[in-house]
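Heads up: the sequence shown begins at 0 in numbering that gives the first Met the number 0, then just goes up one per residue. The beta carbon of each residue, even a glycine, is placed where N, CA and C say it ideally should be. Each remark here refers to the structure printed beneath this line.
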Amino acid sequence: MKKTSCAGEHVTKKLIYWWLLIIISILPGRAMFSQQINVNRIELMPDIPAPYEMRNWKQVALGYDSLVFNLNAQGDYLPLIFINNNTVNYPGHPSFGLHTVVGTPYPNNGEAINVLPAVVGASLAGIDKSSQNGYNWVLMCEEYFNRRPQENVYLNSPNSSSGDDWWYETMPNIFFYQLYSMYPNTGDFKNQFTTVADRWLQAVQAMGGSQTPWHIPNMNYRAFSLSTMKPNPQGVIEPEAA
């Protein structure tokens, strides 16, 4: 498995600009200058409790991977994974999904917010997910990139649309960037890397973000529709999830 940083020559000025705008737009000005206040009762508490035993989180990650990626698992509600041979974005190879909850009534529906971080977590624990038990799980993740001019970003399902919820529509792209940093030469990843940045930069600009003159975008919305290039003002606003 080749692991490299997604910085360097791959990071365009547009990408940096986009992230800066988003970070600045959600940072409350006063919070940047706030100071920690000591609470006497809290100060009496030890920094590290004794006795203390740290759980072996690497072993937990490895155990989780061996369970959820086992296509032959037997038992109630097992297996927790399925192969999708009817791909729409990258029909040249299959994809896969993981059950959102154990015992789901929709065993053939997978979510990017579950699939991609499962591959990321296993990779961080030392597993080469590009070649495991005869499958390239990394390549199979690219099916969640909605390859249509109206979207051209990662969404929670392979055939979805943006404009419903900031969190569900931005997190798959964050997880993809983590995946790209570890497997940059996979499938269409390089193209997706810059395309995702360009699309969300367009969204930032549509919400008033500008470099010259400098202007912070207004993200006080529920979500943003990339197909219409208009924000969704309905429901609970989620600027912190942008």
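Note that the stretch 216-233 does not touch the stretch 177-193; fewer than 3 beta-carbon pairs, one per stretch, sit closer than 8 Å. Comparing alpha-carbon positions, the option among GLY162, THR193, GLY125 lying closest to ILE173 turns out to be THR193. By the CB criterion at 8 Å, LEU66 and LEU79 fall inside the cutoff.
Sequence-distant partners of VAL119 (beyond 5 residues in either direction) whose C-beta falls short of 8 Å from its own C-beta, in its chain, are PHE174, GLN177, LEU178, MET181. Judged by beta-carbon spacing, SER94 lies within the 8 Å limit of ASN83, meaning their Cβ atoms are closer than that value. Between LEU225 and GLN149, the C-beta spacing is below 8 Å. Excluding the 5 residues flanking it on each side, ASP163 has same chain C-beta neighbours closer than 6 Å at ALA222, in chain order.
Counting only runs of 3+ residues, the beta strand (DSSP E) found wholly inside the stretch 33-104 occupies 80-83, 94-97, in chain order. Secondary structure of PRO230 (DSSP, three-state): strand.
Rounded to whole angstroms, the gap between the alpha carbons of PRO50 and LEU123 is 29 Å.
Beyond the five residues adjoining it in sequence on each side, VAL137 comes within less than 7 Å, by CB distance, of VAL118, LYS128, SER129, LEU178, TYR182, THR185 in the same chain, given in chain order. A residue is called buried once 16 or more other Cβ atoms fall within 10 Å of its Cβ, and SER159 is buried on that count. If you look at ALA196, you'll find it in the alpha helix (DSSP H) that goes 188-205. Between VAL152 and VAL203, the gap from beta carbon to beta carbon reaches 8 Å or more. Across the set TRP166, PHE144, MET44, MET53, the C-alpha of PHE144 shows the shortest separation from the C-alpha of ASN88. Under DSSP, SER224 forms a beta bridge with LYS229.
Under the rule that a run must span 4 or more residues, the alpha helix (DSSP H) segments found entirely inside the stretch 119-144 read 136-140.
When DSSP reads this structure, SER209 sits in a beta bridge with HIS214.
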